Amino acid sequence: MAYLHLSQIRSHGYLKSANCLVDSRWVLKVAGFGLQALRTTNTGQDEYAYHRDLLWMAPELLRMDPQSRPIYGTQSGDVYSFAIVLQEIMFRSLPFFIGDISPKEVITKVKEPPAEGIFRPQIPKDENTAQAPHQSLVIEKMKQCWAENPTERPTFKALKLFLKKLHKGRNISIMDSMLAKLEKYSSNLEEIIAQRTSALTEEKKKTDKLLYRMLPREVAEELKRGRNVDAELYDQVTIYFSDIVDFTVLCSKSTPMQVVQLLNGLYTQFDGIIEEHNVYKVETIGDAYMLASGLPTKNARHAADIADVALQLLDATIGFRIQHLPQNRMRLRIGLHTGSCAAGVVGLTMPRYCLFGDTVNMASRMESTGEPLKIHLSESSANALKSFPQYLISERGEIEVKGKGVVTTYWLDGKKTE
1 MAYLHLSQIR SHGYLKSANC LVDSRWVLKV AGFGLQALRT TNTGQDEYAY
51 HRDLLWMAPE LLRMDPQSRP IYGTQSGDVY SFAIVLQEIM FRSLPFFIGD
101 ISPKEVITKV KEPPAEGIFR PQIPKDENTA QAPHQSLVIE KMKQCWAENP
151 TERPTFKALK LFLKKLHKGR NISIMDSMLA KLEKYSSNLE EIIAQRTSAL
201 TEEKKKTDKL LYRMLPREVA EELKRGRNVD AELYDQVTIY FSDIVDFTVL
251 CSKSTPMQVV QLLNGLYTQF DGIIEEHNVY KVETIGDAYM LASGLPTKNA
301 RHAADIADVA LQLLDATIGF RIQHLPQNRM RLRIGLHTGS CAAGVVGLTM
351 PRYCLFGDTV NMASRMESTG EPLKIHLSES SANALKSFPQ YLISERGEIE
401 VKGKGVVTTY WLDGKKTE
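Below you can see the structure in the form of structure tokens.
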């Protein structure tokens, strides 16, 4: 435009964003000048298109009669048009940010300024910040370019000097600008990726924590890797069964919500205890609570670990108070048995780590034939605990066990304090 103003053409007259063309080498070229003869014969525009093309025209030219306007425009008018194009580029919007307002209304307000002052594009307050280097300086220069008084507008020569000073004498090409934007975008993208990665890591931790509560850690890791977990036979494990004595009586005195709150309070306390020991919570069904030690990771202390948990759970039960039935005492019946069993993952939709074998049945029989607030041991569990002299064991005697006949069982009375 500075060159055009020094040429014989002197001014453009119709500068707008549609006349700023970028070629295949990313070089901007100005078009649309020198076509005045064609423009005077162009009468096929509708009213909307006619006023839209005037959005870039300076107010002093708009106030002239269309027939008496300079056909080549004016140099100060070109500077005004440049300011409107600059507004489009900086804020990526239509001229004057037109939306609900029509081009005709804009032209009317520009030609005849309202009482509150001249009408120009309203720079959004949140945009008038230094989002890019020297942006505030460019906005001020843009406002000078659309000044109401044509003599107050800078020339394109002055604008070139301003941009050169802004870039500290460097010749900034479109490619330099693109590379700078790409670098900024890349930096921002890395930050976004880091944030998303951090969020994904946190979600993964939550998912893993939930999965490890459903399945043993070793089994869960194998399933996460997409591997099949085959059933395995364990020679020596100790299984714990317990249930709440007279649970049906408690239920008859409670609402369903009170029953849920009761079990949740009790088993949350139980879960906190078993986390401190090398035992696996197999499942809870109603008031029944099932634990195992010695699987899926084999453990030589399986009987001792289960015995420690059983003693602590019994103590926790004795101290537990039923809030809605304070006069009732919580009583737990516990049974332990040691033997071999098979274990594996069953199901796909909701996989469960299940235990199978006679050892499971015998542990359940020890619980059902036990007594409230006592830990009932099978002979195999009592023999396994003999390797640990700190446990206090007493013989109960012979009892009839369904499917087993008459067997000798024992009580776990406690543990010696060191």
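Note that the UniProt record's numbering gives residue 230 to position 230 of the sequence shown, counting from 1, and the numbers run on in steps of one.
Even glycine gets a Cβ: it sits at the ideal position worked out from N, Cα and C.
Here the structure is a predicted model, which is why all the values come from computation and not from measurement.
When DSSP labels each residue in this structure, what does residue i get in the three-state scheme?
i, result
"GLN312", "helix"
"THR41", "Interpretation of THR41 is limited by its pLDDT of 47, a score under 50 that renders its predicted location unreliable; the figure taken from the coordinates is listed afterwards. THR41: coil per DSSP, three-state reduction."
"residue 435", "Since the first and last residues shown for the chain are 1 and 418, residue 435 lies out of range."
"TYR410", "strand"
"GLU400", "strand"
"ILE84", "helix"
"PHE320", "coil"
"ASP271", "helix"
"LEU375", "The sequence shown places Ile at residue 375, rather than the Leu named in the question. If DSSP states are grouped into helix, strand and coil, ILE375 belongs with the strands."
"LYS281", "strand"
"LYS415", "strand"
"ARG329", "strand"
"THR129", "Interpretation of THR129 is limited by its pLDDT of 47, a score under 50 that renders its predicted location unreliable; no figure is taken from the coordinates."
"LEU385", "helix"
"GLY34", "coil"
"GLY405", "strand"
"ALA194", "helix"
"TYR185", "helix"
"GLN67", "coil"
Opposite residue i in the DSSP bridges: which residues?
i, result
"ALA343", "GLU232, LEU355"
"GLU395", "TYR410"
"SER242", "TYR289, ILE334"
"VAL237", "GLY339"
Starting from residue i, trace the alpha helix (DSSP H) in both directions and tell me its first and last residue.
i, result
"TYR3", "2-6"
"LEU223", "217-224"
"LEU62", "59-62"
"LYS141", "135-145"
At what residues does the beta strand (DSSP E) containing residue i begin and finish?
i, result
"ALA292", "288-293"
"LYS29", "28-30"
"LEU21", "20-22"
Assuming the contact rule is C-beta atoms closer than 8 Å, residue i and residue j should be a hit. Round their C-beta distance to whole Å, please.
i, j, result
"residue 426", "VAL27", "In this structure the chain extends from 1 to 418, so residue 426 is not present and cannot be described."
"THR142", "LEU86", "In the sequence on display, residue 142 carries Met and not Thr. Yes, they are in contact, since the Cβ atoms of MET142 and LEU86 sit about 5 Å apart, within 8 Å."
"GLY13", "GLY73", "3 Å"
"ASP305", "HIS277", "5 Å"
"MET57", "GLY32", "Actually they do not touch by this definition, with Cβ atoms about 13 Å apart."
Does residue i get closer than 8 Å to chain C when you measure Cβ to Cβ?
i, result
"LYS204", "Among the chains in the structure shown there is no chain C, since it carries only a single protein chain."
>> Can you confirm whether the region 315-328 touches the region 361-368 when touching is taken to mean that 3 or more C-beta pairs between the two stretches lie within less than 8 Å?
In response: no
> Between the region 243-262 and the region 327-335, are three or more C-beta pairs nearer than 8 Å?
Replying inline: yes
> At a cut of 8 Å, does the region 338-355 reach the region 390-406 through at least three beta carbon pairs?
Replying inline: no
> On the three-pair Cβ rule with 8 Å, is the region 249-262 touching the region 375-382?
Replying inline: no
>> Using a Cβ distance threshold of 8 Å, determine whether the region 271-290 contacts the region 228-235, with at least three qualifying pairs required.
In response: no
>> Any contact between the region 46-57 and the region 99-108? By contact I mean 3 or more CB pairs, one from each, below 8 Å.
In response: yes
> Taking one C-beta from the region 262-276 and one from the region 344-356 each time, how about it: are there three or more such pairs within less than 8 Å?
Replying inline: no
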